[in-house]
Amino acid sequence: MSSNAELFPTIGSVADQTGNLPVAAQTVEVTLDEERPVQEIESLCMRCHEQGVTRLLLTSIPYFREIIVMSFRCEHCGFSNNEVQSAGAIRPEGAVYTVRVLNRADLDRQIVKSNNCTVVIPEYELTIPPGRGQLTTIEGLIRDIIVDLSGAQPLRRIQNPEVYEKIESIIRKCRAVVGDDEEQEDAEENATHAVKTSKRASEIDEPLQPFTVRLDDPTGNSWAEFVGSMADPKWNLRTYHRTREQNVELGLVADDEVPPELVVPTTEQEAEQAAHEPAPIGKEEIFTFPGTCSSCGHPCSTLMRKVNIPYFKDVLIMSTNCDKCGYRDNEVKSGSAISAQGKRIILKVEDRDDLSRDILKSESCGMSIPEVELVLQAGTLGGRFTTLEGILDQIYEELSEKVYTSGDAKGNGTAFEDFLKKLKAVKNAEHPFTLILDDPLANSYLQNIYAPDPDPNMTIEMYDRTWEQNEELGLNDMKVEGYEEDAQKEAAAAKAEAEKSVAPKGETKSS
1 MSSNAELFPT
11 IGSVADQTGN
21 LPVAAQTVEV
31 TLDEERPVQE
41 IESLCMRCHE
51 QGVTRLLLTS
61 IPYFREIIVM
71 SFRCEHCGFS
81 NNEVQSAGAI
91 RPEGAVYTVR
101 VLNRADLDRQ
111 IVKSNNCTVV
121 IPEYELTIPP
131 GRGQLTTIEG
141 LIRDIIVDLS
151 GAQPLRRIQN
161 PEVYEKIESI
171 IRKCRAVVGD
181 DEEQEDAEEN
191 ATHAVKTSKR
201 ASEIDEPLQP
211 FTVRLDDPTG
221 NSWAEFVGSM
231 ADPKWNLRTY
241 HRTREQNVEL
251 GLVADDEVPP
261 ELVVPTTEQE
271 AEQAAHEPAP
281 IGKEEIFTFP
291 GTCSSCGHPC
301 STLMRKVNIP
311 YFKDVLIMST
321 NCDKCGYRDN
331 EVKSGSAISA
341 QGKRIILKVE
351 DRDDLSRDIL
361 KSESCGMSIP
371 EVELVLQAGT
381 LGGRFTTLEG
391 ILDQIYEELS
401 EKVYTSGDAK
411 GNGTAFEDFL
421 KKLKAVKNAE
431 HPFTLILDDP
441 LANSYLQNIY
451 APDPDPNMTI
461 EMYDRTWEQN
471 EELGLNDMKV
481 EGYEEDAQKE
491 AAAAKAEAEK
501 SVAPKGETKS
511 S
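Just so you know, we're using full-length UniProt numbering here: the sequence shown kicks off at 1 and counts up by one.
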């Protein structure tokens, strides 16, 4: 992690280093060495065909990830261009960032737009298709929209007046945002003039018409800045699984096959037989359900089998394995009735032999280790049938990979790093600890290695569920006895209501 931090310094540290340099050192060539992270490369200007300079900066954005900022400028003709590329791998999921711009201060929010990102402003009915990557602000994005749309307006005004008026209305709205009311024929001169003479849009006192900026990136490598924390009410992040078409466009999978069609019965007799034929789940039977891989979009199958755990109960194990991308997922469901009481399992882990115990953690089970202050709420990690060592490894990997712990996001404290060290010691059984499984449905299990004799290190407590637990599980409204009478009453009431609605008021049924 230390080498990664040196290779990708944060934007704040780069700014501090540059500000502390002498004025002459800030204006001359800066090469990529141990102290100066900016690299300059001579490049051909595509406008005047003279030699310009491209500057590359490897940096990291706090709460985001590493990026490469590229800036080109030609001293001969003044042409400049800025781009940004992700320095990391494509994320497992796509991301949609939504920022609600309510005042002019929001125009200073920083955004990273990759070359696969689509920008949408719903209030303007404007969609910007994927293009070059950018590291800019919302104000800079609006100014780019003005420049791009204004370029061919004189020609549209003559050839297609209707399209000209629609685009001009969008340009007027964007100019009202940045406070640029000057009409200029040349879009490039307009952009240059705005940079030189106009003050920042956030410093203008005029009111701002609220609008929304939405960044939709299937690679997950775009970003929008939040204020304060991720609880910012004007900011929202939503992740999603890419479709198969998006994976093909990104080059992650090959478009080499057509998804198979579902097999349906060929005759009405076969269809009727399939609809009424019972399908009991035997203990040795394996059922296959066709589906689509949530990672790559290729067709894959989910296998399900009923398994009996000794000294426990029957469970349903479901396994998904994609042959195309290697995605794997396992899930466990209870195959028995709901228990009348909840169950709490307390195990005192003393050595590494205890880590090989089988563990079944249901979706309704909570897990805690008081020695390291680890608490997993019910539903975390879903249903899992593995070993104690396996579930501790999974918890450690999830926390160490998904939580950002480097750069400015870490702050001055090291509390989370200390927690990970304690958790690593626990999963290696370097010292004794206590594992507590609390399942209000009693669908969880921890192997007793002394079975059928009692385990001296394990305590099992049965307890009555509270009303709040039953309400959360949906058991208070569940009725399993005497529901036939209620069903008959509901059917009679529905029939009477239907007859009442058919017969108009004042009309008798006799002819």
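C-beta atoms are modelled at their ideal positions from N, C-alpha and C, and glycine is treated no differently.
The structure presented is a predicted model; accordingly, all values stated were derived computationally and were not measured.
- Of all alpha-carbon atoms in 224, 244, 245, 242, the one lying nearest the alpha-carbon of residue 235 is that of 224.
- Annotation: the continuous alpha helix (DSSP H) that includes residue 140 extends over 138-150.
- The continuous stretches of beta strand (DSSP E) do not include residue 247, which lies in the alpha helix (DSSP H) extending over residues 244-249.
- Residue 298 counts as buried, since no fewer than 16 other beta carbons sit within 10 angstroms of its beta carbon.
- Taking each of 285, 338, 138 in turn and checking the Cα distance to residue 107, the smallest one comes out for 138.
- Following the DSSP letters along the chain, one finds residue 95 inside the beta strand (DSSP E) bounded by residues 94-101.
- Within the stretch 343-374, the complete beta strand (DSSP E) segments of 3 residues or longer fall at 358-361, 366-369, listed in chain order.
- Between the alpha carbons of residue 443 and residue 129 lies a gap of roughly 49 Å.
- Comparing alpha carbon positions, the residue from 75, 69, 121, 455 closest to residue 114 is 69.
- Boundaries of the beta strand (DSSP E) harbouring residue 40: 38-44, taken from the DSSP string.
- Residue 450 counts as exposed, since fewer than 16 other beta carbons sit within 10 angstroms of its beta carbon.
- One Cα belongs to residue 97, the other to residue 217, and the distance between them is close to 9 Å.
- A direct Cα-Cα distance of roughly 7 Å separates residue 329 from residue 321.
- Around residue 357, the same chain offers 387, 388, 446, 447, 449 as residues with beta carbons nearer than 7 Å, after the five sequence neighbours per side are excluded.
- Residue 42 holds the alpha-carbon nearest to the alpha-carbon of residue 72 among 42, 500, 94.
- Here DSSP, grouped into helix, strand and coil, assigns residue 499 to helix.
- Look at the beta carbons and you see the stretch 472-479 not touching the stretch 380-400: under three pairs across the two are nearer than 8 Å.
- Rounded to the nearest angstrom, the Cβ distance from residue 121 to residue 177 is 10 Å, too far for a contact under 8 Å.
- For residue 340, DSSP records no beta bridge to any residue.
- Rounded to the nearest angstrom, the gap between the Cα atoms of residue 207 and residue 92 is 41 Å.
- Residue 307 and residue 373 have their C-alpha atoms roughly 34 Å apart.
- The beta-carbon separation of residue 395 and residue 359, rounded to 12 Å, does not stay under the 8 Å limit for a contact.
- Rounded to the nearest whole angstrom, the C-alpha separation of residue 230 and residue 239 is 14 Å.
- In this structure, the beta-carbon distance from residue 438 to residue 344 falls below 7 Å.
- Pairing residue 312 with residue 220, the inter-Cα distance amounts to about 43 Å.
- Residue 396 sits in a helix when the DSSP states are folded into three classes.
- Taking the CA atoms as reference points, residue 440 sits about 7 Å from residue 365.
- Across the set 248, 213, 53, the C-alpha of 213 shows the shortest separation from the C-alpha of residue 237.
- Annotated as proximal: residue 350 and residue 432, with beta-carbon spacing under 7 Å.
- Only residues of its own chain outside the window of five on either side were considered, and among them 341, 342 have a CB closer than 8 Å to the CB of residue 464, listed in chain order.
- Rounded to whole angstroms, the Cβ separation of residue 134 and residue 83 is 7 Å, and the two are in contact under 8 Å.
- Annotation: the continuous beta strand (DSSP E) that includes residue 306 extends over 299-308.
- Contact annotation, residue 119 with residue 109: C-beta distance approximately 13 Å; criterion of less than 8 Å not satisfied.
- The C-beta distance from residue 346 to residue 462 rounds to 13 Å, too long to fall under 8 Å, and the pair is not in contact.
- The secondary-structure analysis by DSSP pairs residue 52 across a beta bridge with 43.
- If the five residues before and after residue 348 are omitted, its C-beta is found closer than 7 Å to the C-beta atoms of 432, 434, 457, all from its own chain and listed in chain order.
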